[in-house]
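Right, one structure below, let's go through it.
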Amino acid sequence: MALFRKRLSKEFGLEKKVGLPPGTIVHVGEKKTEKTRVTVIEYDREGFQEKEIEKIEEPFILKDKPTVTWINLDGLHQTEIIEKVGAHFGIHPLVLEDIVHTGQRPKTEDHGDYIFTVLKMLYYDEEEEEIIGEQISVILGPNYVISFQEREGDVFNPIRERIRNGKGRIRKAGADYLAYGLLDAIVDHYFVILENLGEKIESLEEELVTHPTPETLQIIHKLKTTMISLRKSVWPLREVISGLERGESPLITEPTGIYLRDVYDHTIQVIDTIETFRDMVSGMLDIYLSSVSNRMNEVMKVLTIIATIFIPLTFIAGIYGMNFKFMPELEWHFGYPLALLVMLSIVGLMMIYFRRKRWF
Amino acid sequence: MALFRKRLSKEFGLEKKVGLPPGTIVHVGEKKTEKTRVTVIEYDREGFQEKEIEKIEEPFILKDKPTVTWINLDGLHQTEIIEKVGAHFGIHPLVLEDIVHTGQRPKTEDHGDYIFTVLKMLYYDEEEEEIIGEQISVILGPNYVISFQEREGDVFNPIRERIRNGKGRIRKAGADYLAYGLLDAIVDHYFVILENLGEKIESLEEELVTHPTPETLQIIHKLKTTMISLRKSVWPLREVISGLERGESPLITEPTGIYLRDVYDHTIQVIDTIETFRDMVSGMLDIYLSSVSNRMNEVMKVLTIIATIFIPLTFIAGIYGMNFKFMPELEWHFGYPLALLVMLSIVGLMMIYFRRKRWF
Amino acid sequence: MALFRKRLSKEFGLEKKVGLPPGTIVHVGEKKTEKTRVTVIEYDREGFQEKEIEKIEEPFILKDKPTVTWINLDGLHQTEIIEKVGAHFGIHPLVLEDIVHTGQRPKTEDHGDYIFTVLKMLYYDEEEEEIIGEQISVILGPNYVISFQEREGDVFNPIRERIRNGKGRIRKAGADYLAYGLLDAIVDHYFVILENLGEKIESLEEELVTHPTPETLQIIHKLKTTMISLRKSVWPLREVISGLERGESPLITEPTGIYLRDVYDHTIQVIDTIETFRDMVSGMLDIYLSSVSNRMNEVMKVLTIIATIFIPLTFIAGIYGMNFKFMPELEWHFGYPLALLVMLSIVGLMMIYFRRKRWF
Amino acid sequence: MALFRKRLSKEFGLEKKVGLPPGTIVHVGEKKTEKTRVTVIEYDREGFQEKEIEKIEEPFILKDKPTVTWINLDGLHQTEIIEKVGAHFGIHPLVLEDIVHTGQRPKTEDHGDYIFTVLKMLYYDEEEEEIIGEQISVILGPNYVISFQEREGDVFNPIRERIRNGKGRIRKAGADYLAYGLLDAIVDHYFVILENLGEKIESLEEELVTHPTPETLQIIHKLKTTMISLRKSVWPLREVISGLERGESPLITEPTGIYLRDVYDHTIQVIDTIETFRDMVSGMLDIYLSSVSNRMNEVMKVLTIIATIFIPLTFIAGIYGMNFKFMPELEWHFGYPLALLVMLSIVGLMMIYFRRKRWF
Amino acid sequence: MALFRKRLSKEFGLEKKVGLPPGTIVHVGEKKTEKTRVTVIEYDREGFQEKEIEKIEEPFILKDKPTVTWINLDGLHQTEIIEKVGAHFGIHPLVLEDIVHTGQRPKTEDHGDYIFTVLKMLYYDEEEEEIIGEQISVILGPNYVISFQEREGDVFNPIRERIRNGKGRIRKAGADYLAYGLLDAIVDHYFVILENLGEKIESLEEELVTHPTPETLQIIHKLKTTMISLRKSVWPLREVISGLERGESPLITEPTGIYLRDVYDHTIQVIDTIETFRDMVSGMLDIYLSSVSNRMNEVMKVLTIIATIFIPLTFIAGIYGMNFKFMPELEWHFGYPLALLVMLSIVGLMMIYFRRKRWF
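Protein chains in written order, with our numbering: chain X, 446 to 805; chain F, 446 to 805; chain U, 446 to 805; chain L, 446 to 805; chain Y, 446 to 805.
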């Protein structure tokens with residue numbers, strides 16, 4: 446149970462560092478990597494250069510080069526590295542605090558000479574059958590992009606590939622297009638999660654029709670809470686991306702704006718799908734409940750009918766089990782078969798009556 | 446089940462081409478035609494010319510003719526044709542991507558020298574008793590309209606007819622009126638779907654009153670999910686058409702604006718009807734549940750009453766079935782008929798009591 | 446059933462004339478009068494003139510007279526008359542289409558030199574116990590008002606009376622005040638419908654308390670759907686009238702604007718009342734369901750208690766009905782009365798226990 | 446029942462004077478006083494003068510005096526008095542109509558040289574255990590305030606007192622502050638009503654826990670409908686007072702604006718409280734239903750268990766009540782006690798099984 | 446019960462001082478401290494000075510010093526002290542009224558030369574297992590901050606510490622940063638409450654799965670009402686802080702604005718979490734109800750099956766208990782074992798039938 450609790454308060458970022466002065470950079474999430482890994486890719490139209498930085502001390506990047514520089518950090522617990530990067534690029538302490546304090550709501554902030562964006566990357570954990578959220582922060586400057594991940598992921602690999610082999614617009618465009626590329630990769634990954642959920646919902650619908658069990662209810666409930674937390678992660682994205690797209694910032698050029706509109710459309714589509722899934726899961730709960738009660742009613746009805754048929758018969762048997770001295774029927778020769786006949790005809794009449802009333 | 450899943454992820458456009466650079470034109474929907482069919486109609490006040498284009502290579506259309514040109518493509522899987530058309534008219538790669546990537550949310554985008562609109566055409570599949578959505582994209586340029594359909598349809602035939610015989614305003618008006626005509630034809634077709642659904646709802650209401658079965662519940666549930674997906678297709682239309690109508694684009698002339706307002710009114714009417722149908726179906730679920738439980742209660746009550754009447758009688762029979770040596774009643778000459786009389790009067794009293802309490 | 450269907454698709458205007466060019470004037474509603482009746486009233490401060498026009502061919506009204514002219518048409522199926530009137534006053538074909546195509550959503554359109562308004566008039570059909578909607582269109586020009594009704598009604602009679610005897614402001618004011626008067630008469634009539642519904646709801650509330658039957662549920666359901674369709678008719682009215690009142694059109698003078706604000710207030714009041722009625726009806730459904738289940742529970746409980754009391758007694762009787770050779774109690778002289786006593790005391794104890802547990 | 450109906454249609458102002466020209470001043474509410482009582486208070490910094498006016502004919506107030514004049518009318522049925530007052534101060538006929546036509550929705554209207562406000566005063570009728578609404582209209586002119594009440598009330602007495610003894614700001618401030626004072630008194634009185642309701646809800650919550658009865662359900666339902674109508678009365682107040690506060694009218698000075706903001710805050714608080722009460726009452730309904738069904742289940746379960754235990758025993762007794770010739774057990778000497786022992790052990794086993802399954 | 450009522454009317458601030466002139470400073474909450482304690486901290490970049498003021502009479506603070514002055518008052522019942530402070534700083538009487546009148550809705554008011562903010566501080570009472578709200582008012586002037594608390598609390602201690610040891614920005618920044626610090630401390634404390642609630646919800650979820658009891662329902666209900674009142678306290682905060690942040694007031698400098706945006710984000714996060722908790726608790730109610738009814742059904746089904754199996758057996762025993770003279774079976778030598786065999790085979794057949802129907 447303790448473990449479970451840890452997860453919930455993490456999900457909502459409840460482990461606030463109460464009492465510390467604002468802007469204190471303390472990482473509160475789980476430690477998901479051994480060491481913070483810093484990789485740098487510099488590129489322009491002509492070529493690219495890729496390196497992994499071991500010692501953060503050396504003046505590692507020339508901020509004012511004409512090329513586009515993409516710095517990616519995997520792992521947030523070595524706060525001293527993040528503080529150094531922050532100091533190098535002049536990032537506001539509150540922004541750094543947000544980066545290391547996972548559990549942020551997706552948001553975007555325009556700080557004039559850079560734009561800060563926080564998002565949730567979603568993974569599907571096959572073992573636990575759960576959706577896991579990871580916080581990804583992206584800082585877009587005039588000619589650089591810094592991305593912060595909680596742990597090493599492979600979602601940005603296709604973008605790295607595109608930079609390496611120079612396919613598509615990416616090498617020709619500026620830092621804003623790179624930032625767009627990162628957002629696009631994240632939002633695209635939501636579709637994978639949704640497809641996964643869609644499959645779950647469909648197999649559950651089948652199960653509902655063929656053989657509903659109490660476990661079905663548990664799964665429906667779990668799906669429902671999954672929807673709730675998915676929604677919480679994705680809804681604010683709408684504002685985030687439309688905030689970027691409306692683009693009053695000079696950091697985002699107009700052609701990239703068109704691409705951001707495309708990401709925006711995808712976000713709307715993701716939200717739409719989540720809402721529809723929510724409706725479907727709610728409908729499934731109704732169906733489950735009424736089908737369970739239907740089955741129950743069916744059982745009760747048949748059993749009650751059986752009981753009801755035998756009760757009058759038993760009564761008749763009881764009558765002729767009485768020990769009165771003078772009971773003429775008992776002396777009749779055909780008393781016994783007659784009694785049986787009477788019982789049979791009672792059964793028959795009741796069956797006809799029940800049938801006519803469509804009780805079975 | 447696999448088939449079913451395929452449909453759901455298609456409906457929500459979940460099969461994203463994750464990892465590909467944006468603007469890659471890959472068709473992800475089902476292949477619904479053998480070959481992409483391209484038909485071109487050119488017309489002006491004086492006359493019209495209609496042809497089917499076999500080889501897309503030749504410089505097929507003069508973009509700057511004074512006539513209105515309507516290019517219609519049936520089938521989206523031959524992406525090379527769509528790319529060629531796109532290149533010819535200078536369409537943005539992201540727009541082409543949206544065209545072939547079915548599962549888009551209805552939307553409209555003003556790209557300056559052309560307006561791009563995506564809609565859902567709805568068909569009713571008689572066999573599967575399902576509503577099937579098809580994506581239709583319309584590009585409106587200064588003197589041309591390009592429409593993309595997933596498969597050959599007959600919804601645009603009336604418009605072709607009107608162009609051929611020069612009836613109505615169509616030959617006198619510009620490309621914007623043609624685009625309006627296409628939208629109008631699509632929205633008009635929604636009414637056919639709604640009438641169909643309306644009939645279903647009414648026959649179901651009848652069924653609910655006369656003989657509700659568990660199948661009724663299944664149908665109600667199916668109708669409900671149909672409503673959900675209908676709503677998803679139609680709601681965004683509102684914005685789409687009002688976006689066109691507000692018409693800051695010079696591509697849409699004022700007289701056509703009035704016609705677009707008319708389409709807008711129809712869309713609102715469609716949405717209104719869907720909402721009302723939704724409310725009605727929800728109400729039917731309530732009615733179904735309470736009528737089923739009413740019937741069940743009725744059965745249980747009658748059966749329980751029968752049981753309750755016989756239980757005391759059987760008890761009395763049991764009493765005189767006891768083998769005590771000294772039971773004076775057993776010796777009485779009229780003991781047996783007296784016992785029967787007592788039983789009868791108990792039945793009578795219970796009946797009176799139950800009736801007075803209005804239990805049956 | 447067929448008849449019922451016709452009504453629903455009529456209510457939502459689903460019988461679209463699919464495929465016809467827009468602006469085609471085809472009447473799709475029911476034919477409610479034998480002949481379209483055209484009456485014209487001309488009036489100014491000094492006097493008034495009233496006539497019924499038989500032949501629409503003759504140039505029947507001078508559009509540019511200084512008097513106010515009110516043309517009223519009862520019956521929409523003779524579309525040639527409506528077309529002629531439309532041509533005479535220069536009405537847009539789409540407007541004429543809306544007039545004859547009943548099933549429109551209430552709306553108002555400013556066409557520059559005239560304002561077009563569509564509303565729903567509601568009648569209560571005593572026989573069918575239903576609310577029936579009729580479409581009323583009003584066109585307000587600089588010095589004329591044209592009103593179109595589906596059938597002859599008496600709602601506008603008080604206005605005719607006021608024109609005839611010159612009471613109130615009407616003869617002193619312009620055409621806009623006349624148009625206001627028509628709207629006011631229609632909205633005022635809604636109050637009659639609401640009072641009617643209010644009475645129904647109150648008598649139903651009484652019935653719920655005194656003797657709920659399955660029919661009560663049917664009536665509640667009917668009331669609920671009535672509310673849904675009422676709401677659909679009245680909600681858009683809000684926008685319609687506030688659209689008129691905001692009055693950017695020079696056709697509506699400022700003094701009339703104040704009167705329109707009054708109609709607006711009434712509309713809000715109507716909407717408020719409908720919403721409250723809806724809430725009340727929903728609450729009644731809850732009350733009905735729980736009171737029915739309460740009654741059912743009551744019945745089941747009493748019956749079960751009776752059964753439960755007799756079961757142990759029957760068991761005891763069964764014991765002494767056994768045929769074992771050596772059962773000392775059977776030989777006792779007071780065995781039988783003792784057995785009866787034991788039974789009686791069991792009944793007593795159970796009664797006390799049940800009472801203490803407040804089971805009856 | 447008739448009486449009840451009258452109240453409902455009154456509450457919603459449904460008794461419209463259909464057909465009368467707009468602006469006709471006809472009182473439609475109940476006649477709540479014998480005679481309309483007109484009291485006038487004039488005051489300024491120096492002193493005040495208070496009189497009751499008997500004959501309304503004499504030119505009773507000098508509109509242009511520098512003092513503040515407060516005219517209060519109790520009773521609305523003597524419409525000729527209201528008409529005279531209206532004529533004297535140049536009030537629009539539609540405003541006068543709204544004043545006498547009780548059942549208005551709270552609203553405020555700026556007529557340039559005066560502001561017209563309608564509110565609901567709420568009383569709690571101890572006998573009927575109902576909340577009764579009374580319409581109060583306030584007209585604020587440059588140096589006068591006219592208030593109209595349906596019947597004599599004591600809500601404004603504290604204000605009269607303050608004027609008389611010159612306490613607080615009231616004598617120093619203008620007519621707008623007086624109008625504010627009236628609104629404040631009305632809104633303050635809502636808190637009394639709410640406290641009353643709060644007590645009801647709390648005692649009901651206690652009752653729910655200790656001994657829920659069907660009457661509890663009735664009370665919950667009544668509370669629910671009370672909330673609905675309260676809400677209807679108070680919600681529009683929000684707009685009313687914010688409309689006054691935003692104060693584009695020169696009639697309301699800036700210092701009074703601050704006081705109006707205070708009233709606005711109180712209104713929001715009232716609305717908040719009503720919403721919370723609504724949620725609480727809804728929650729109580731859920732609790733009631735599930736606690737009733739819990740109790741019912743408990744009863745049924747115990748009774749069913751008793752029945753279930755005795756059924757196998759009775760069966761065994763039945764076995765040895767059979768009259769077969771050759772039943773060895775019957776001859777055994779310890780047959781009878783053995784049978785009893787078997788029965789006892791069956792009871793024991795069942796008890797253990799039921800306990801283990803936690804069925805009781 | 447009386448005690449309980451007191452709490453509710455306090456929570457909603459219902460104990461209005463009806464009839465008193467507005468701006469009368471009367472404390473209506475509970476008296477939570479013995480004496481109002483006034484502490485003053487003055488600080489600037491160089492140093493700080495801290496004192497507790499005993500006699501409020503002496504001109505205790507120089508309003509126009511260049512340092513930042515923070516006056517904190519614990520306890521609101523000594524209204525004369527609050528009035529004196531108010532007079533000293535020129536606070537509007539209505540503001541003072543709001544300060545002492547606990548039960549205010551969170552709000553912020555810009556009075557030109559000072560900003561007034563009311564908030565709810567939330568404590569978790571371990572004993573009563575309740576969340577207790579305390580009203581905290583903050584007045585921000587050009588170089589002073591006055592905070593009013595209902596009782597001594599330790600939430601502001603970390604801020605005092607930071608002032609004392611000069612850590613962070615606080616000593617370098619102005620009064621607005623101090624006010625921000627107070628708000629931040631309050632909002633941060635909400636996370637503690639939420640974590641607490643989160644733990645409760647999780648342990649409840651466990652309980653639901655393992656052993657739901659009627660008490661579980663009570664706790665769910667309590668959690669639900671807690672959520673309702675939490676929501677009421679926190680929702681308005683959103684507006685409050687965004688109102689401060691939008692910062693049209695010159696009292697709030699731009700750098701502090703960025704910090705306020707951070708508090709705003711936290712508030713949104715708090716609201717989000719509350720909403721999700723609400724959804725989770727609602728879902729738990731559904732789960733509880735259906736799991737209870739599942740258990741009940743399970744019990745009823747098993748018991749009914751037992752009864753149903755024995756009823757036909759008892760009937761057969763009854764048959765051979767009849768006393769007819771001529772019943773050939775009774776004479777058979779193997780009659781008795783045969784009868785037992787028939788009974789056994791009936792049991793077997795029924796078991797097979799029930800199993801096949803999956804009834805147990």
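Virtual Cβ for every residue (Gly too), placed ideally from N, Cα, C.
At what residue ranges does the stretch 540 to 589 of chain Y contain a whole run of the beta strand (DSSP E), taking only runs of 3 or more? 552 to 555, 560 to 570, 575 to 585
Beta-carbon proximity list for Ala784 of chain L, same chain, < 7 Å, skipping 5 on both sides: Ile761, Tyr765
At a CB-CB cut-off below 8 Å, which residues of chain X make contact with Glu776 of chain F? Lys770
Quick check on Tyr568 of chain X - is its C-beta less than 9 Å from some C-beta in chain F? no
What did DSSP end up calling Arg740 of chain X once you bin it into helix, strand or coil? helix
What did DSSP end up calling Ser694 of chain Y once you bin it into helix, strand or coil? In the displayed model, Ser694 of chain Y falls within coil according to three-state DSSP, outside both helix and strand.
Test: Asp717 of chain Y CB closer than 9 Å to a CB of chain X: yes
Quick one: is Thr718 of chain L buried, meaning 16 or more other Cβ sit within 10 Å of its Cβ, or exposed? buried
Proximal residues of chain L, C-beta to C-beta of Pro773 of chain Y below 7 Å: The premise fails here: Pro773 of chain Y is roughly 11 Å from chain L at the closest Cβ pair, so nothing lies under 7 Å.
Assigned exposure category for Leu541 of chain X - 16 Cβ within 10 Å defines buried: buried
Based on DSSP bridge pairs, tell me the residues matched to Leu518 of chain X. X:Val483, X:Phe593
Chain U contact residues for His537 of chain L, given Cβ-Cβ distances below 9 Å: Ile703
Which runs of the beta strand (DSSP E) at least 3 residues long sit entirely within the stretch 599 to 638 of chain U? Give them in chain order. Qualifying beta strand (DSSP E) stretches: none in this window.
Of all the CB atoms in chain A, is at least one closer than 9 Å to the CB of Phe760 of chain X? Absent from the structure is chain A; the protein chains it does hold are X, F, U, L and Y.
Give the straight-line distance between the Cα atoms of Glu746 of chain X and Phe799 of chain Y, rounded to the nearest whole angstrom. Just to set this straight, residue 746 of chain X is Lys in the shown sequence, not Glu. In a straight line, the C-alpha of Lys746 of chain X is about 13 Å away from that of Phe799 of chain Y.
Can the beta-carbon of Lys621 of chain X be found closer than 9 Å to that of Leu675 of chain X? Residue identity check: residue 621 of chain X is Asp in the sequence provided, not Lys. For Asp621 of chain X and Leu675 of chain X, no; Cβs fall outside 9 Å.
Using a 10 Å radius around the Cβ and a threshold of 16 neighbouring Cβ atoms, would you call Asp599 of chain Y buried or exposed? exposed
At a Cβ cut of 7 Å, what residues of the stretch 561 to 590 of chain X count as close to chain F, listed as they run along the chain? none
Quick check: the stretch 633 to 641 of chain X against the stretch 549 to 561 of chain X, are at least 3 beta-carbon pairs closer than 8 Å? no
Just the Cα atoms here: how many angstroms apart are Trp515 of chain F and Val715 of chain Y? 55 Å
In this structure, does DSSP put Trp804 of chain Y in helix, strand or coil? coil
Using CA coordinates, which residue listed in U:Pro511, U:Glu650, U:His533, U:Glu597 is at the minimum distance from Phe722 of chain U? U:Glu650
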